[in-house]
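Asks: The sequence shown begins at 721 in my numbering and counts up one residue at a time.
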Amino acid sequence: MANSVGRFPKGSKGAYRDRNFTPPRKPKRVSPFQKGFVWGATVSLTAAISSIVGASIALVSPSSLNLSQLFSAAKFPQTNSNPQTSNEGLEILLQHTLTRPVNILVMGIDPVRDVPKGTPESFAGRSDTILLMRFDPSDRSVRLLSIPRDSRVEIPGVGYDKINEANTHGGPAFASRVVSRSLNDVVIDRYVRVTTEAFRELVDLVGGVEVLVPYSMSYRDLSQNLEINLQAGWQTLNGDQAEQFVRFRKDKLGDIERVQRQQVLLKALQKRLYSPAMLPRLPQAIRIFSNM
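#1: Below 6 Å CB to CB, which residues in the same chain sit around Y880 once its five sequence neighbours on both sides are set aside?
#2: Three-state secondary structure (DSSP) at Q955?
#3: Distance check for P892 and V898, CA to CA, integer angstroms please.
#4: Compare the Cα-Cα distances from K987 to each of V966, R910, A886, P1000 and report the closest residue.
#5: Take T916 and list the residues in its own chain whose beta-carbon comes closer than 6 Å to its own, dropping the five residues that flank it on each side.
#6: In chain order, what are the residue ranges of uninterrupted alpha helix (DSSP H) at least 4 long that sit wholly in the stretch 898-938?
#7: So for F855, helix, strand or coil by DSSP?
#8: If you measure between the beta carbons of R978 and V926, is that distance less than 8 Å?
#9: Can you tell me the Cα-Cα spacing of L950 and R920, whole angstroms?
#10: Tell me, please, which residues DSSP counts as bridged to L950.
#11: Please name the residue, chosen from L957, W954, D848, P836, that lies closest to N884 on a Cα-to-Cα basis.
#12: Along the chain, where does the beta strand (DSSP E) that runs through L973 open and close?
#13: Whole-angstrom Cβ separation of F855 and V826, contact assumed at under 8 Å?
#14: How should S936 be labelled, buried or exposed, when 16 other C-beta atoms within 10 angstroms of its C-beta is the threshold for buried?
#15: Rounded to the nearest angstrom, what separates A844 and G890 at their Cα positions?
#16: By DSSP's criteria, I883 is part of a beta bridge. Which residues make up the other side?
#17: Over the uninterrupted beta strand (DSSP E) stretch that includes G828, give me the two end residues.
#18: Just how far apart, CA to CA, sit V931 and Q1004?
#19: Measuring CB to CB, does V929 end up less than 8 Å from L864?
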């Protein structure tokens, strides 16, 4: 429905890091929790929501910024549950155990006009948000790195183009390889493609997020079918308003301020997630990710 998740073909060792490659075959799609990498119910849902937030995080250029400005970490609380594995029923949050750090590429896909939601074609748009998530079992953390959508890179068979066009030319695995070699062949173990629909649903599910809107935000973008109208001040944003908050593009500092604002939203989501009130809503959250 709102996201697609995939692993890489057998023989690839779960990662792409070569410089000479041809577009790969499309990997088999699996549901998020069938092949996910999580180590506890709380961590599982946090990772899922982090992925959705990643689908709306702004992108900044490393050519003009210190990379530390793009890097943030979210520590997770320890859980008492023992890791488990199973071939079925993983949609009810059975856990897998990580034995090494795992990198997951999150791509926020632009809506494709005149295409039914949830169809393969609906994920064929540009990945205007690109986020690399690193799950590290040594300290039970998830780290996030935004990648500039307008970065011009060499796309095999195409030439130099914006990195956000890679998904349109060859699909998610192909885009993963383009991103990998653009980041000095960083290992990418999985990909996740998400849409803003799931983002809105999850924000509504947790009861909204409380953030400080630093100033009034108002404009209409007909090309993106987006209307933003937020007033300044502390407020609890619903899913639609949260999407406006993370997609607003007319900041004085450009993408730098946009990234900072969207990291604020991520922390607000995590705060809601850890609330005891979320426990009865876990099955509904899982259904959001399970309905493809």
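Backbone N, C-alpha and C fix where the C-beta goes; we use that ideal spot for every residue, glycine too.
Replies: The answer reads as follows:
#1: The answer, listed in chain order, is R872, E874.
#2: Under the three-state reduction of DSSP, Q955 is assigned to strand.
#3: Answer to the nearest angstrom: the Cα atoms are 10 Å apart.
#4: Of V966, R910, A886, P1000, the residue nearest in Cα terms is V966.
#5: Taken in chain order, the residues that qualify are E963.
#6: Those alpha helix (DSSP H) runs which fall completely within the stretch 898-938 and span 4+ residues are 916-925.
#7: F855 falls in the strand class under three-state DSSP.
#8: Their beta carbons are not under 8 Å apart, which means R978 does not touch V926 by this criterion.
#9: Taking the straight line from one Cα to the other gives about 16 Å.
#10: In the DSSP output, where bridge partners are listed per residue, L950 has M937.
#11: Ranked by Cα distance from N884, the options L957, W954, D848, P836 are led by D848.
#12: Element bounds for L973: n/a, residue is neither H nor E.
#13: That belief does not hold up - the Cβ atoms of F855 and V826 are roughly 12 Å apart, past 8 Å.
#14: Classification of S936: exposed, given that the 10 Å Cβ count is below 16.
#15: A844 and G890: Cα-Cα distance of roughly 9 Å.
#16: Partner(s): none; I883 has no beta bridge.
#17: 822-829 is the span of the beta strand (DSSP E), which, as asked, contains G828.
#18: Answer to the nearest angstrom: the Cα atoms are 24 Å apart.
#19: Their beta carbons are not under 8 Å apart, which means V929 does not touch L864 by this criterion.
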